[in-house]
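In our numbering, the protein residues as written are 67 to 157. Notes follow the structure.
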Amino acid sequence: MNTVVVYDIAANKRRDKFRTFLKELGIRSQKSVFECRLDDREVREIRSYCRTNLDMQEDAVRIYRVCAACMEKGVIQGQGLSFSQLDWEIL
Numbered sequence: 067m068n069t070v071v072v073y074d075i076a077a078n079k080r081r082d083k084f085r086t087f088l089k090e091l092g093i094r095s096q097k098s099v100f101e102c103r104l105d106d107r108e109v110r111e112i113r114s115y116c117r118t119n120l121d122m123q124e125d126a127v128r129i130y131r132v133c134a135a136c137m138e139k140g141v142i143q144g145q146g147l148s149f150s151q152l153d154w155e156i157l
């Protein structure tokens with residue numbers, strides 16, 4: 067399912083590691099925002115990563131599951147690809 071991951075991570079090192087982790091799952095659409103197509107297992111993987119590697123007293127991660135119809139209604143102003151313009155291949 068289409069998934070948007072938004073994060074606010076205080077420490078540079080933790081933020082860099084989380085960004086690297088998310089790059090394997092989706093595209094970075096803004097500095098602290100990734101757009102992904104994830105199944106339930108992959109969402110659990112993100113949640114597990116957060117519990118293990120982030121400081122939940124300082125950091126925040128939000129995971130939004132978004133239906134295809136709602137993603138199509140999104141408006142992008144400025145630079146960047148829309149989520150629907152990306153080519154995806156499921157292996």
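Note that CB positions come from ideal geometry on N, CA and C, so glycine has one too.
Residue i versus residue j: straight-line alpha-carbon distance, rounded
| i | j | result |
| --- | --- | --- |
| Ile-75 | Ser-114 | 16 Å |
| Cys-133 | Lys-139 | 10 Å |
| Tyr-73 | Arg-107 | 20 Å |
| Ile-112 | Val-71 | 9 Å |
| Asn-68 | Tyr-130 | 8 Å |
| Gln-143 | Ser-95 | 12 Å |
| Leu-88 | Thr-118 | 15 Å |
Spatial neighbours of residue i in its chain, beta-carbon cut-off 8 Å, leaving aside the 5 residues before and after
| i | result |
| --- | --- |
| Arg-110 | none |
Residue range of the unbroken beta strand (DSSP E) whose run includes residue i
| i | result |
| --- | --- |
| Val-71 | 68-74 |
Segment limits, alpha helix (DSSP H) that includes residue i
| i | result |
| --- | --- |
| Glu-138 | 134-138 |
| Glu-108 | 106-119 |
Cβ-based neighbour list, residue i, same chain, cut-off 6 Å, excluding 5 preceding and 5 following
| i | result |
| --- | --- |
| Gly-92 | Phe-100, Glu-101 and Cys-102 |
CB-CB length for residue i against residue j, believed under 8 Å
| i | j | result |
| --- | --- | --- |
| Arg-80 | Leu-120 | 6 Å |
Neighbourhood of residue i by C-beta, 7 Å cutoff - its chain only, sequence neighbours within 5 removed
| i | result |
| --- | --- |
| Glu-124 | Ala-76 |
| Ser-98 | Val-72, Tyr-73 and Asp-74 |
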